[in-house]
Structures are given as structure tokens and as C-alpha cells.
Ligand code: AMP
Ligand code: GLY
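Residue numbers (my numbering): 110 to 547.
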């Protein structure tokens, strides 16, 4: 089998790396650090399976176009990808499916939005309805700041048409969790839960980024919690999609908050998370290409086999990220890291510089990823490797997976049982609807 991975970041490198255990892989467009990268567009490539990484081509209907040309595709059509492409539509699906989520309303009028904000206790959350590359969400304790953000978004200044409608939510509190599930249109199997670190600075400080690191498994997210997420969120969502005529084949990624009332869905993504894929995929054993091909064909069988141990990825960034990054710096130390036990470096933003040397080509440059017997070992291997890599202005978080690696096994089990026993809040469609969104 030949598989074509569509995309150009660390997630696509991780996909290519794991798929190439059992199959030939090309990546389009890929980047200078991903083996098998080609510049030919996906529509012109020949492959038995297409795996689409990023949200933009999914929302734009690339999966539909490839399927219309008779190709097998892992990734939803534009109808299913709308879960990620319109937060209002996603919230309507959740409401109809009875899935616990934050109270919300959707608005294209600033006055109605202000009235809804005034009815919430705060913190306040303002989101662009459309895609905003992970940057369209404001969480604030200040109602005035939320109102100013609504006006700016609705005016189209910062986010263009994606912001001309906003979704306003009550702010929820708790640790976050990413659950990625593989769907074949009717059957769905979860992958082990992961956790992303979104803020740029240690201790979750500074602005939000596309993700500064991730780890898997998450100690407090054991089988009981994963079952609860499947039963209360993912399965009802897929049933509601089917009811609406959507044949969803690909990853359904639930971004969850583990609140005192139980897990609630913050967002759905229509794809593998980045950088979650970099820690989840290496922990899958066996023929991952076969797993994705069977989902694409609508006949998912069995469960993904999990490798023992844990995986941690640390994202190395350019100076200036998450603002405008400086690019073009020589990357040193990759040869030294190549021989380290358990370590793989996924390339997110590298390009070929003068003389063919690899240079920085974006904000998030490398994902230094390590497997270990447990999180503590995976984490220390990843950081030992990261320390050998350098370029001017390189920065990364030093606390990825730090708390989880310290968690004792007994605490873990207690937390999992408590999280799953806690009854989800009664957030039926009528209650979750802000009243102004029909
Ligand atoms: P989203 O793109 O919807 O996942 O939002 C990005 C980030 O904003 C999430 O990972 C959370 O950290 C935060 N966030 C989103 N919705 C809420 C909410 N209702 N309450 C608190 N934080 C939120
Ligand atoms: N890790 C967040 C995302 O992929 O959207």
C-alpha cells in the first residue's frame, strides 16, 4: 500500500513516521525535515489511502474531492469538518446530542452579545465562529474586555469573516484533556488520552500558542474516564452526525475540560491534534496504516494495540513565537540527537537553507519526542535531547509533563474513579442554548 499524508507540520511527520512502519508514504507538501516530502498536490498523486492532517483542507472539502475521484480518504468531508469550521454549528450538534458543554450563545450583533454577557457570572469566553488558526478565543474575567473583543471580532478587523459571528460561552474551570477517536462512519474507537500545553511560558503563563508540548498517557485519565467521555460525548455526537446524514470517517478530537461536574466538551476538531498526534501515534503498536485504511473503508475492526510506556514531546520554537517568529537560523545538534535511545525529532517548521543545511522556517520548529518506560523517563529523555539542539533565540517550556511525571500511581487511580463517578451536569439542549442562537 502507498499512503499520502497531506500537511506540512510535526503532526504530519509523526503520521508519516508511524505509517511507514508498514507502508510506503509520501507527504505533500511536507517540509525539508520530513522524509518523502513532495510538492505535487494531493489531487495529482496516486495512493491507496489519503490521510489529511490539517483542518483547513478538510473544511474546504479536500476529502470530498478525493473521494469523488474514487480515492480512499481518512478525514471527514466538509459536512463533518464543519464541527471544527463553525463553533455555532458544533454547539448546535452538541445541544441536540445532549452532550455536556459550556452554556453559550451565538451572535452577529454586538448589543445582543452584550446582553448575553451581562447574564453570565464570568469568566467570559469569546470565540470566532469560523477558523482562526487556534487564535480566535479570548478567556477573560473582565466583561468590558469581552465586550471590546466582541466588537473587534464582529467588525472583521482581526479575524476577517471568521469573526463576523461570535460564540460567547461561560468560562469553565479545570484541567484540560484531549481525546482522539478513530471513526469509520458508524464504529468508533478511542486512542489513549493526551494533554497539550497551550501557553507559551512555564507554569501556564503568557499568551496561547498552537501547543508547546504534550504527553500521553494522562495519569488521571484512566479507562473509567475514557469510557465516560466515549459514552457521554463522542458516541452521542457521532449518532447526531449520522442523524444529520454525515458519514464521518477520520479522527474526532474532543477538547475537554474536567470540571467539578464532570467532563465537558470545549471544542471538537476534525483531525489529529498537533502536538497530541506526536505523543499518541508513537504509542500505537502494529499496523497503523491498516487501522486508518479500515476506518476510511467504513469497516474498522478490533481495537488499536497500545505499546507499554509513555511519550512526551517538547516543542522548540523560534525567537518571537507566538508573535512573528524570526526564521532562517541554522539548526545545530540534530546529528547528536539522532542516536539517543527512545528519541525521535519531528520537524514542524524547518526548511533547507544555503548549502542544503536545515534552518528554522516557522514559529514551532521541532518536536523533540521521547518514549520511555513511564512519563518521568520519557520526559527526561526528551529534555536531554532538547538541550543538545540550538539556534539563536531558541526557546521552549521546561515543565512539559512535569506534574504528571510526579503523580503517584495510587493518586492516579483515585482521580480516575472520582472523575468518572462525578455525574455530568444536566446540560440538555434547552439549558445549554443561550437563547439567542436559533
Ligand atoms: P477552543 O479552540 O474552543 O478549544 O479554545 C481554546 C482554548 O480556550 C481551550 O483549550 C481552553 O483553554 C480555552 N477555552 C475554550 N472554551 C473555554 C471555556 N468555555 N471556558 C474556559 N476556557 C475555555
Ligand atoms: N493541540 C490543539 C490542536 O491541535 O488544535
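Every residue, glycine too, gets a C-beta built ideally from N, C-alpha and C.
Source: prediction; values computed, not measured.
Rounded straight-line distance, which links the Cα of residue 351 to that of residue 180: Numbered from 1 along the chain shown, position 71 holds the residue referred to as residue 180. Numbered from 1 along the chain shown, position 242 holds the residue referred to as residue 351. In this structure, the CA atom of residue 180 is about 22 angstroms from the CA atom of residue 351.
Contained alpha helix (DSSP H) runs [length at least 4] in the region 318-387, N- to C-terminal order: Counting only runs of 4 or more, we get 332-338, 344-352.
Close beta carbons around residue 170, own chain, < 7 angstroms, minus the five adjacent residues each side: Residue numbering aside, residue 170 sits at position 61 when the chain shown is read from its first letter. Counting only Cβ-Cβ distances below 7 angstroms, and skipping sequence neighbours, we find 186, 187.
Chain-order list of residues whose beta-carbon lies under 6 angstroms from that of residue 229 (same chain, five-residue window excluded): To locate residue 229, count along the chain shown from 1; it is residue 120. Non-local C-beta neighbours of residue 229 in its own chain, meaning closer than 6 angstroms and more than five positions away in sequence, comprise 279, ordered along the chain.
Beta carbon nearer than 5 angstroms to a non-hydrogen atom of the ligand GLY: Here the list is 305, 320, 382, 383.
Within 8 angstroms, strictly: CB atoms of residue 505 and residue 424: As a first step, residue 505 must be located in the chain shown, where it is residue number 396. As a first step, residue 424 must be located in the chain shown, where it is residue number 315. The answer is yes: Cβ separation under 8 angstroms.
Assumed close pair residue 433, residue 469 - CB separation to whole angstroms, cut-off 8 angstroms: As a position in the chain shown, residue 433 is number 324, starting the count at 1. As a position in the chain shown, residue 469 is number 360, starting the count at 1. Cβ-Cβ separation between residue 433 and residue 469: approximately 13 angstroms, too far for a contact (criterion under 8 angstroms).
Rounded Cβ spacing between residue 440 and residue 467 (contact assumed at less than 8 angstroms): Walking along the chain shown from the start, residue 440 turns up at place 331. Walking along the chain shown from the start, residue 467 turns up at place 358. Residue 440 to residue 467, Cβ: 5 angstroms. Contact.
Contact test: residue 246 Cβ vs the ligand AMP heavy atom, cutoff 7 angstroms: On the chain shown, position 137 is the one that residue 246 refers to. Yes; taking the cut-off as 7 angstroms, the Cβ of residue 246 has a heavy atom of the ligand AMP nearer than that.
C-alpha distance - residue 297 paired with residue 244, whole-angstrom precision: By one-based count along the chain shown, residue 297 stands at place 188. By one-based count along the chain shown, residue 244 stands at place 135. Spanning the two alpha carbons is a distance of roughly 29 angstroms.
Given residue 511 as reference, the closest of 495, 435, 500, 489 once Cα atoms are compared: As a working mapping, residue 511 is identified with position 402 in the chain shown. Residue 489 is the option with its Cα nearest to residue 511.
Length at least 4, wholly inside the region 400-429: the alpha helix (DSSP H) runs in chain order: Within the region 400-429, no complete alpha helix (DSSP H) run reaches 4 residues.
Enclosing alpha helix (DSSP H) for residue 477 [first to last residue]: On the chain shown, residue 477 is found 368 positions in, with the first residue counted as 1. No alpha helix (DSSP H) holds residue 477; the beta strand (DSSP E) holding it covers 473-481.
Euclidean distance between Cα positions of residue 590 and residue 183: Beyond the ends of the chain as shown, which are 110 and 547, falls residue 590; an answer cannot be given.
Residue 318 versus 393, 148, 473, 458, residue with shortest Cα-Cα distance: Counting from 1 along the chain shown, the entry for residue 318 is found at position 209. Of the candidates 393, 148, 473, 458, the one whose C-alpha sits nearest the C-alpha of residue 318 is 473.
Opening and closing residue of the alpha helix (DSSP H) in which residue 285 lies: Residue numbering aside, residue 285 sits at position 176 when the chain shown is read from its first letter. Residue 285: not part of any alpha helix (DSSP H); member of the beta strand (DSSP E) spanning 285-293, first to last residue.
Residues near residue 250 by beta carbon distance below 6 angstroms, same chain, minus five either side: In the chain shown, the residue the question calls residue 250 occupies position 141. Excluding positions up to five away in sequence, the list reads 231, 232.
The region 208-215 contacting the region 253-261, beta-carbon criterion three pairs below 8 angstroms: These segments do not touch.
Environment of residue 290 [buried if 16+ CB atoms lie within 10 Å]: Sequence index remark: in the chain shown, residue 290 carries index 181 (1-based). Buried, by the Cβ-count rule.
Residue 308 beta carbon less than 8 angstroms from that of residue 316: Along the chain shown, read from residue 1 onward, the residue named residue 316 stands at position 207. Along the chain shown, read from residue 1 onward, the residue named residue 308 stands at position 199. Yes, Cβ-Cβ distance for residue 316 and residue 308 is below 8 angstroms.
Beta-carbon contacts of residue 395 that lie in its chain and below 7 angstroms, excluding the five residues immediately before and after: Translated into positions along the chain shown, residue 395 becomes position 286. Hits under 7 angstroms: 414.
Unbroken stretches of the beta strand (DSSP E), 3 residues or longer, contained in the region 233-286: DSSP assignment within the region 233-286 yields the following whole beta strand (DSSP E) runs of 3 residues or more, N-terminal first: 233-237, 246-249, 275-279.
Close-in-space but distant-in-sequence residues of the same chain around residue 123 (CB under 6 angstroms, 5 per side omitted): Here residue 123 refers to the residue found at position 14 of the chain shown. Around residue 123, the same chain offers 386, 387, 390, 455 as residues with beta carbons nearer than 6 angstroms, after the five sequence neighbours per side are excluded.
Nearest to residue 363 (by Cα), restricted to the options 369, 354, 370, 341: Residue 363 sits at position 254 when you count from the first residue of the chain shown. The shortest C-alpha separation from residue 363 is found at 341.
Environment of residue 234 [buried if 16+ CB atoms lie within 10 Å]: Within the chain shown, the letter at position 125 stands for residue 234. With 16 or more other CB atoms across the displayed protein chains lying within 10 angstroms of its CB, residue 234 is buried.
Proximity of residue 494 and residue 479 at Cβ, strictly below 8 angstroms: The count along the chain shown starts at 1 and reaches residue 494 at position 385. The count along the chain shown starts at 1 and reaches residue 479 at position 370. Less than 8 angstroms divides the Cβ of residue 494 from the Cβ of residue 479.
Near the ligand AMP: residue 192 beta-carbon under 7 angstroms from a heavy atom: As a first step, residue 192 must be located in the chain shown, where it is residue number 83. Checking the Cβ of residue 192 against the ligand AMP gives no.
Simplified DSSP assignment, three categories, for residue 304: Looking up residue 304 in the chain shown gives position 195. Strand, per DSSP.
Alpha-carbon to alpha-carbon, residue 115 and residue 159: As a working mapping, residue 159 is identified with position 50 in the chain shown. As a working mapping, residue 115 is identified with position 6 in the chain shown. Between the C-alpha atoms of residue 159 and residue 115 there is a straight-line separation of about 7 angstroms.
Status (buried if at least 16 other CB within 10 Å, exposed otherwise) for residue 222: Here the question's residue 222 lines up with position 113 in the chain shown. Burial call: buried.
Beta-carbon spacing of residue 247, residue 288 below 8 angstroms: In the chain shown, residue 247 corresponds to position 138, counting from 1. In the chain shown, residue 288 corresponds to position 179, counting from 1. Taking 8 angstroms as the cut-off, the Cβ atoms of residue 247 and residue 288 do not count as close.
Local conformation of residue 175 per DSSP, three classes: Reading the chain shown from its first residue, position 66 is the one you call residue 175. DSSP, reduced to helix, strand and coil, places residue 175 within a helical segment of the structure shown.
Heavy atom of the ligand AMP within 7 angstroms of residue 262 beta-carbon: On the chain shown, residue 262 is found 153 positions in, with the first residue counted as 1. No, the Cβ of residue 262 stays beyond 7 angstroms of every heavy atom of the ligand AMP.
Minimum C-alpha distance to residue 154 - residue among 206, 241, 174: Residue mapping note: residue 154 aligns to position 45 of the chain shown, counting from 1. Closest in alpha carbon position to residue 154, among 206, 241, 174, is 174.
N- and C-terminal bounds of the alpha helix (DSSP H) containing residue 201: The residue labelled residue 201 in the question sits at position 92 within the chain shown. Going by DSSP, residue 201 is part of the alpha helix (DSSP H) stretching over 196-206.
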